[in-house]
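Everything below concerns the one structure shown next.
Residue numbers (the UniProt record's numbering), protein chains in the order written: chain D, 1 to 329; chain A, 1 to 259.
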């Protein structure tokens, strides 16, 4: 268990990493910009074309990426505790499926960015309420019932998404696929997601020690003085909203929500007081770095960032899995 | 003993699950220093009754009070400083060390922004030493044996330091020596610090030896409550388990053998 001092040191280091990742995202691209010039464009609003590129293209994109990565990692960490399942990720309860239906519908209908985001958010909320209502039937909620309901709803959404891809007009397919794999190229103002990220984190932090107990089982937590029912509902709501916001802005970017909490847990232990803020910083940095790679590796061709997070995530995850098995065996 | 309020009382308590009633009109009172054994067949409702007594499940009727107040009046946090509950089974979904696991017992004593202090860690280490796990403080709980996990759960409860211990099968997975050590540990807490314990046991001989009173839950929903030396007899036990039992030994060391 980390002491408070050690936790703060780790968070300071991760905050440094976050700043580095954003600085990298501002410098790298079709027009390389030196660190000093980046600083100058940010400080005095000048810098001609370079200044425009940094302020109106790269900075909003990097900040949106950071916020979405942070939201996904935070939602993943919260859901892993809620479901007491280390393999849970933000999409396991069908929220991305619902958002996918909404977004693809908007693309088929030819709506703009606002329409896609709006319908995606409506779809995410719909899936969230559906799972909550169905899982909360008679006899209350158990984590296995919630998980099963979510998985089934997600599977249903997946089928609808596939159906829409099958019948969609040819010229819309590329946009639809990019959305499904996760994409930061169509981002607007990052303020809303950044505020949401801060809000969700600030609401969940005071309950971090109670989440530590919840991870050990609902009965144990209740016996040790945790009001389990409201806590579980709150966690579900926060994790769902965080996921919906991230998915709405950047599509269904995979692996950030699964991998990042695991990495932090392996490095520092399963104390949510450190895990939640550390996941936000590490998840944000990972997505910013992955997105920077996505727009530079095959430039001028842009890759969907979800492909890169998965390509980084899969080997890391498999490595951790085999290492964990060896350590326990 | 009349001077202090009872740590646990029930009034007209009815407990059941899924349409089955385990007990009706149970009037129970556990004073500081007392220990009560709950005996009954598999499925007789021992664990369900214990979780109702622990405030984790609603009764079908009647009420439960700890230290004179209801669970609703006290709220989850204050309850956790009065009563502790040892679950029958537990599973750890995530890795953590033995010391971290024992430290969760401090939760009800800490404020929202507090971190566990060195004093809390000392309490946890003492509790782990009490159950013979002092050498394993840094081990991952997922690598522990069944008996070690059981002793760790007892240490977590000791770290919580409540006044009333509600123990669901505290002897599960334990070797004979650890069984006796565990029962002696709680007997000493009752004797020396005026704590109280209610425990689900499977061995009537140990119940007779270590618990001052016993509650027998029969299959037909009736109960028998009284002093251990009165209610734990070969007659009542034969009826309880539906198998003839014969008493051997005498005084404190009575044992019941299947005939």
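Even for Gly, the Cβ is constructed at its ideal location relative to N, Cα and C.
Rounded to the nearest whole angstrom, the C-alpha separation of residue 261 of chain D and residue 118 of chain D is 29 Å.
Within chain D, 223 have C-beta atoms less than 8 Å from the C-beta of residue 84 of chain A, given in sequence order.
Among the residues of the stretch 166 to 189 of chain D, none has a Cβ less than 9 Å away from any Cβ of chain A. For residue 56 of chain A, the nearest beta carbon of chain D is closer than 8 Å to its own beta carbon. Judged by DSSP secondary structure, residue 92 of chain D falls outside any alpha helix (DSSP H); it is assigned neither H nor E. Taking a 10 Å sphere around the C-beta of residue 25 of chain A, we find fewer than 16 other C-beta atoms and assign the residue as exposed.
For residue 257 of chain A, the enclosing beta strand (DSSP E) covers residues 253 to 258. Under the Cβ criterion of 8 Å, residue 104 of chain A is counted among the residues facing chain D. If the five residues before and after residue 249 of chain A are omitted, its C-beta is found closer than 6 Å to the C-beta atoms of 255, all from its own chain and listed in chain order. For a Cβ distance threshold of 9 Å, nothing in chain A lies close to residue 6 of chain D: the least Cβ distance comes to about 10 Å. Flagged as an interface residue toward chain A: residue 269 of chain D, by a C-beta distance shorter than 8 Å. With respect to chain D, the C-beta atom of residue 96 of chain A has a partner C-beta closer than 8 Å. Non-local C-beta neighbours of residue 83 of chain D in its own chain, meaning closer than 8 Å and more than five positions away in sequence, comprise 92, 143, 146, 147, ordered along the chain.
For residue 236 of chain D, the enclosing alpha helix (DSSP H) starts and ends at 228 to 250. If you keep only unbroken beta strand (DSSP E) runs of at least 3 residues inside the stretch 127 to 178 of chain D, you get nothing at all.
Taking residue 292 of chain D as reference, the option from D/219, D/60, D/246, D/5 with the minimal CA-CA separation is D/60. Using beta-carbon distances, residue 43 of chain D does not count as an interface residue toward chain A, since no partner is under 8 Å. Listed along the chain, the chain A residues whose CB falls inside 8 Å of the CB of residue 3 of chain D are 115. Considering only beta carbons, the part of the stretch 81 to 93 of chain D lying closer than 8 Å to chain A consists of 84, 85, 86, in chain order. Residues of chain A whose Cβ lies closer than 8 Å to the Cβ of residue 215 of chain D are, in chain order, 93, 94. Listed in chain order, the non-local C-beta contacts of residue 113 of chain D below 6 Å within the same chain comprise 186, local neighbours out to five positions each way being set aside. Neighbours of residue 277 of chain D in chain A, taken as residues whose beta carbon is under 9 Å from its own, are absent, since the nearest beta carbon is some 14 Å off. Straight through space, the alpha carbons of residue 161 of chain A and residue 145 of chain A are spaced by roughly 24 Å. Secondary structure of residue 75 of chain D (DSSP, three-state): helix. For residue 87 of chain A, a Cβ of chain D is located within less than 8 Å of the residue's own Cβ. Residue-level contact by beta carbon fails for residue 145 of chain D and chain A, as no gap is shorter than 8 Å. Using a Cβ-Cβ cut-off of 8 Å, residue 220 of chain D counts as an interface residue toward chain A, since at least one Cβ of chain A sits closer than that to its own. DSSP places residue 210 of chain A in the uninterrupted alpha helix (DSSP H) bounded by 204 to 210.
Restricted to the stretch 23 to 71 of chain D, the alpha helix (DSSP H) segments that are unbroken, complete and at least 4 residues in length are 35 to 44, 48 to 52, listed in chain order. Taking the Cα of residue 151 of chain D as reference, the smallest distance to any Cα among D/163, D/284, D/96, D/269 is reached at D/96.
In chain order, 112 make up the part of chain A whose C-beta sits under 7 Å from the C-beta of residue 206 of chain D.
Scanning its chain for C-beta atoms nearer than 7 Å, with the 5 sequence neighbours on each side dropped, one finds around residue 243 of chain A the residues 258, in chain order. Taking a beta-carbon distance threshold of 8 Å, residue 107 of chain A counts as an interface residue toward chain D.
Look at the beta carbons and you see the stretch 85 to 105 of chain A touching the stretch 150 to 167 of chain A: at least three pairs across the two are nearer than 8 Å. Its Cα nearest to that of residue 97 of chain A, the residue A/124 stands out among A/29, A/189, A/124, A/84.
Judged by beta-carbon spacing, residue 103 of chain D lies within the 8 Å limit of residue 120 of chain D, meaning their Cβ atoms are closer than that value.
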